[in-house]
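K.L.:
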Amino acid sequence: MASPSPHDRSRKDDEDDPVEQMISRTGCAELHYAVQECMAEHQDWRACQNQVRSFKDCMINFQNARKEQLMLLMAL
Numbered sequence: 128m129a130s131p132s133p134h135d136r137s138r139k140d141d142e143d144d145p146v147e148q149m150i151s152r153t154g155c156a157e158l159h160y161a162v163q164e165c166m167a168e169h170q171d172w173r174a175c176q177n178q179v180r181s182f183k184d185c186m187i188n189f190q191n192a193r194k195e196q197l198m199l200l201m202a203l
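So the sequence shown is numbered by my numbering: it starts at 128 and just counts up by one.
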């Protein structure tokens, strides 16, 4: 039996995707989608460096903020 086409996915499938959920919690989802859209349009990651850089910066900011939160909790 053939696998279902990835284009036949429903919104529910996306909502259940753990990667999608993780990215949504970072506040960087729109930048992630911008990278995906650019890649779909250009089929070349080199053409998407601005989007990749913006997404990377957002994720680094999230990770740094998360580290600060954890350090504060550990200090209590």
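Every residue gets a Cβ at the ideal spot worked out from N, C-alpha and C, and that includes glycine.
Determine, using beta carbons only, whether residue 148 and residue 162 come nearer to each other than 9 Å.
P.N.:
Their beta carbons are not under 9 Å apart, which means residue 148 does not touch residue 162 by this criterion.
K.L.:
Taking only three categories from DSSP, how would you classify residue 212?
P.N.:
Shown here, the chain extends from 128 to 203; a query on residue 212 therefore has no answer.
K.L.:
Tell me the DSSP secondary structure of residue 184 in three-state form.
P.N.:
If DSSP states are grouped into helix, strand and coil, residue 184 belongs with the helices.
K.L.:
For residue 154, which of 202, 193, 171 has the nearest alpha-carbon?
P.N.:
Looking at the Cα atoms, 193 is the closest of the given residues.
K.L.:
Report, in whole angstroms, the separation of the C-beta atoms of residue 174 and residue 165, which I expect to be a contact under 8 Å.
P.N.:
Yes, residue 174 and residue 165 are in contact; Cβ-Cβ is about 7 Å, under 8 Å.
K.L.:
Taking 8 Å as the line, does the beta carbon of residue 191 fall inside it for any heavy atom of the ligand ATP?
P.N.:
Summarising the ligand content, the structure contains no ligands, and the ligand ATP is consequently not present.
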